[in-house]
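S.K.: Those protein sequences? They're chains A and B, same order as listed.
In terms of numbering that gives the first Met the number 0, the first sequence opens at residue 0 and continues consecutively.
In terms of numbering that gives the first Met the number 0, the second sequence opens at residue 0 and continues consecutively.
Beta carbons are placed, not taken as given, at the ideal position from N, Cα and C, and that holds for glycine.
Only a predicted model underlies this, so the values are computations on that prediction, with no experimental measurement involved.
Handing you this structure, nothing more for now.
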Amino acid sequence: MCDHDLMIFSVHVEVRLRPGIADPQGATIERAVPTLGFAGVRDVRVGKSIRFEIDAADEATARSEAEDLCRRFLTNPVIEDAVIEIAAGVSS
Amino acid sequence: MSRRVGVVVFPGSNCEHDVVEAMRVVGADAELLWHGDATVAGVDAVVVPGGFAHGDYLRPGAIARFSPVMGAVAQFAADGGPVVGICNGFQVLTEAGLLPGALQKNAGLKFLCAPAQLRVETTDSVLTRAATKGSVLEVPINHFEGNYTCDPETLARLRDEDRVVLRYVDNPNGSVDDIAGVCNEGRNVVGLMPHPERAISELLGSTDGLPLLRSILA
């Protein structure tokens, strides 16, 4: 395949701690919120936001590569989940 | 008897000199192994020490596992060589897939730095073969992400195969099943959160780390 067949896709990965995994940052934020007068804020969870671009032939390929990258590096599947958003880009 | 011990140094490691000194106290010829060199230099045992390898960026141990030395450590472990990961080193070994499970943030949401009582659950591992089963050792802990977790199937296997090497007497961090240290199937790779290298002299408050460190050489 030639380069001009590739597209650029913008990828946004949200890394979330899995349910039940300790989240001290989220717990600390949740404890601080009422002092500002916000009532009813709960279930605060802090994650990570990772953005990158990926060259791929189509969106399915880009998504497959992003999922593989998340599974093998960007998350630890024992304690974290990834939510992947992909925006189609332009021909490179 | 194993005599040459290699202590892996990543950018951000900070316990490597303590481990070298402690291994010398128990009779080893200890040396540092730079993470950028893809070799364990023919040593007889490898220790991955504590600290903040690669700044703990992304996750503790997540970047360290890509360091060139880790391929050599994995091969050394596959060949049956003794490999012990202490604290951040334990996190590195789980991220590298040499040990099961993961270390999450402490359940009490606090960084913990205190003596901990550990019970030796098996002497069938490279970290406990010179220790006494059922004995209780006082060894310091010093961590934020020391809360061991794994899926229920993995936990069942660890129990069934007698691979929980050390348990906390009073669980300080929420670790599942009070686990302080585990080993691999071959029993030659062990990870633990407590720091045996900090319990090698009465001046440090405990000498209970010595039987663990001697085990590495046994």
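Give the interface partners of isoleucine 85 of chain A over in chain B, defined as CB-CB distance under 8 Å, in chain order.
M.R.: Counting from one through the first sequence, the residue named residue 85 of chain A turns up at place 86. Here the premise fails: no neighbours, minimum Cβ distance about 21 Å.
S.K.: Please name the residue or residues paired with glycine 84 of chain B in a DSSP beta bridge.
M.R.: Counted from its first residue, the second sequence places residue 84 of chain B at position 85. Paired residue(s): B:Val47 and B:Gly190.
S.K.: Please tell me whether valine 4 of chain B and valine 42 of chain B are closer than 8 Å, where the distance is taken between their beta carbons.
M.R.: Counting from 1 along the second sequence, the entry for residue 4 of chain B is found at position 5. Counting from 1 along the second sequence, the entry for residue 42 of chain B is found at position 43. Yes, the pair counts as a contact, with Cβ atoms nearer than the cut-off.
S.K.: Expressed to the nearest angstrom, what Euclidean distance is found between the alpha-carbon atoms of alanine 73 of chain B and glycine 88 of chain B?
M.R.: Walking along the second sequence from the start, residue 73 of chain B turns up at place 74. Walking along the second sequence from the start, residue 88 of chain B turns up at place 89. The straight-line gap from Cα to Cα measures roughly 13 Å.
S.K.: Distance, Cα to Cα, cysteine 69 of chain A vs isoleucine 20 of chain A?
M.R.: Here residue 69 of chain A is taken as the residue at index 70 of the first sequence, counted from 1. Here residue 20 of chain A is taken as the residue at index 21 of the first sequence, counted from 1. If you take the alpha carbons of cysteine 69 of chain A and isoleucine 20 of chain A, they lie about 18 Å apart.
S.K.: Measuring alpha carbon to alpha carbon, tell me which residue in B:Phe9, B:Asp161, B:His34 and B:Val18 is nearest aspartate 28 of chain B.
M.R.: Mapped onto the second sequence, residue 28 of chain B falls at position 29. Answer by Cα proximity: B:Val18.
S.K.: Shortest alpha-carbon distance to valine 125 of chain B belongs to which of B:Glu137, B:Gly26, B:Glu160 and B:Gly185?
M.R.: Here residue 125 of chain B refers to the residue found at position 126 of the second sequence. Of B:Glu137, B:Gly26, B:Glu160 and B:Gly185, the residue nearest in Cα terms is B:Gly185.
S.K.: Cβ of lysine 104 of chain B less than 8 Å from any chain A Cβ?
M.R.: Here residue 104 of chain B is taken as the residue at index 105 of the second sequence, counted from 1. Yes, because at least one Cβ of chain A sits closer than 8 Å to the Cβ of lysine 104 of chain B.
S.K.: Could one say the Cβ of alanine 38 of chain A lies closer than 8 Å to chain B's Cβ atoms, at least one of them?
M.R.: Your numbering for residue 38 of chain A matches position 39 in the first sequence. No, alanine 38 of chain A lies away from the interface with chain B (no Cβ there is under 8 Å from its Cβ).
S.K.: Between which two residues does the alpha helix (DSSP H) holding threonine 27 of chain A run?
M.R.: The sequence position of residue 27 of chain A within the first sequence is 28, counting from 1. First-last of the alpha helix (DSSP H) with threonine 27 of chain A: 23 to 31.
S.K.: Count the other C-beta atoms from every protein chain shown that fall within 10 angstroms of the C-beta of glycine 180 of chain B, then say buried if there are 16 or more, exposed otherwise.
M.R.: In the second sequence, residue 180 of chain B corresponds to position 181, counting from 1. Buried, because 16 or more other Cβ atoms sit within 10 Å of the Cβ of glycine 180 of chain B.
S.K.: For threonine 131 of chain B, which of B:Val138, B:Glu120 and B:Ile140 has the nearest alpha-carbon?
M.R.: As a working mapping, residue 131 of chain B is identified with position 132 in the second sequence. It is B:Glu120 whose Cα lies nearest to the Cα of threonine 131 of chain B.
S.K.: What residues in the segment 65 to 90 of chain B have a beta carbon less than 9 Å from any beta carbon of chain A?
M.R.: Per Cβ criterion, the list reads Phe65.
S.K.: Taking just the CA atoms, how far does arginine 2 of chain B sit from asparagine 187 of chain B?
M.R.: Here residue 187 of chain B refers to the residue found at position 188 when the second sequence is read from its first residue. Here residue 2 of chain B refers to the residue found at position 3 when the second sequence is read from its first residue. Cα to Cα, the separation comes out at about 16 Å.
S.K.: Against cysteine 149 of chain B, what residues of chain A qualify as contacts under a CB-to-CB distance less than 9 Å, listed in chain order?
M.R.: For the purposes of this step, residue 149 of chain B is identified with residue 150 of the second sequence, where counting begins at 1. Those are Val77, listed as they occur along chain A.
S.K.: Can you give the beta carbon distance from glutamate 144 of chain B to proline 59 of chain B, rounded, assuming they're within the 8 Å contact cut?
M.R.: The residue given as residue 144 of chain B occupies position 145 in the second sequence. The residue given as residue 59 of chain B occupies position 60 in the second sequence. With a Cβ gap of about 5 Å, glutamate 144 of chain B and proline 59 of chain B count as contacting.
S.K.: Give, in chain order, every residue of the segment 0 to 21 of chain A whose Cβ lies closer than 7 Å to some Cβ of chain B.
M.R.: Within the segment 0 to 21 of chain A, the qualifying residues are Ile20 and Ala21.
S.K.: With a threshold of 7 Å on Cβ separation, who are the neighbours of glutamate 58 of chain A within its own chain once the five nearest residues in sequence on each side are excluded?
M.R.: The residue you call residue 58 of chain A lines up with position 59 of the first sequence. These residues qualify, in order along the chain: Phe8, Ile85 and Ala87.
S.K.: Give me the residue from B:Ala101, B:Ala95, B:Glu94 and B:Val68 with the minimum Cα distance to isoleucine 78 of chain A.
M.R.: Locating residue 78 of chain A in the first sequence gives position 79, counting from the first residue. Looking at the Cα atoms, B:Ala101 is the closest of the given residues.
S.K.: Is it the case that the Cβ atoms of glycine 84 of chain B and glycine 173 of chain B are separated by a distance below 8 Å?
M.R.: The sequence position of residue 84 of chain B within the second sequence is 85, counting from 1. The sequence position of residue 173 of chain B within the second sequence is 174, counting from 1. For glycine 84 of chain B and glycine 173 of chain B, no; Cβs fall outside 8 Å.
S.K.: Please check the pair threonine 127 of chain B and valine 164 of chain B, which I expect to be a contact at CB under 8 Å, by giving their CB distance rounded to whole angstroms.
M.R.: Within the second sequence, residue 127 of chain B is the residue found at index 128, counting from 1. Within the second sequence, residue 164 of chain B is the residue found at index 165, counting from 1. Rounded, the Cβ-Cβ distance is 6 Å, consistent with contact.
S.K.: Do valine 8 of chain B and histidine 227 of chain B come within 8 Å of each other at the CB atom, strictly closer than that value?
M.R.: Summary: the structure shown does not reach residue 227 of chain B, with chain B confined to residues 0 through 217, and so no result is reported for it.
S.K.: Against chain B, with Cβ distances strictly below 8 Å, would proline 23 of chain A count as a contact?
M.R.: As a first step, residue 23 of chain A must be located in the first sequence, where it is residue number 24. At least one chain B Cβ lies under 8 Å of proline 23 of chain A.
S.K.: Could you check whether the Cβ of arginine 118 of chain B sits closer than 8 Å to any Cβ belonging to chain A?
M.R.: Numbered from 1 along the second sequence, position 119 holds the residue referred to as residue 118 of chain B. No - not a single Cβ of chain A is within 8 Å of the one on arginine 118 of chain B.
S.K.: Tell me which same chain residues have a C-beta within less than 7 Å of the C-beta of aspartate 177 of chain B, skipping the five on either side of it?
M.R.: If you number the second sequence from 1, residue 177 of chain B lands on position 178. Answer for aspartate 177 of chain B: Arg166, Tyr167 and Asn170, listed in chain order.
S.K.: Can you name the residues that DSSP bridges to glutamine 103 of chain B?
M.R.: Here residue 103 of chain B is taken as the residue at index 104 of the second sequence, counted from 1. Looking at the DSSP assignment, glutamine 103 of chain B forms a beta bridge with B:Asn146.
S.K.: Strictly below 7 Å CB to CB, what residues from chain A border arginine 58 of chain B?
M.R.: Mapped onto the second sequence, residue 58 of chain B falls at position 59. Under the 7 Å cutoff, chain A gives Asn75.
S.K.: Mind checking who glutamate 152 of chain B pairs with in its DSSP beta bridge?
M.R.: For this step, residue 152 of chain B is matched to residue 153 along the second sequence. DSSP, once it has assigned bridges, lists no residue as partnering glutamate 152 of chain B.
S.K.: Is it buried or exposed, serine 214 of chain B, if we count other Cβ atoms within 10 angstroms and call 16 or more buried?
M.R.: For the purposes of this step, residue 214 of chain B is identified with residue 215 of the second sequence, where counting begins at 1. Looking at its Cβ environment, which holds 16 or more other Cβ atoms inside 10 Å, serine 214 of chain B is buried.
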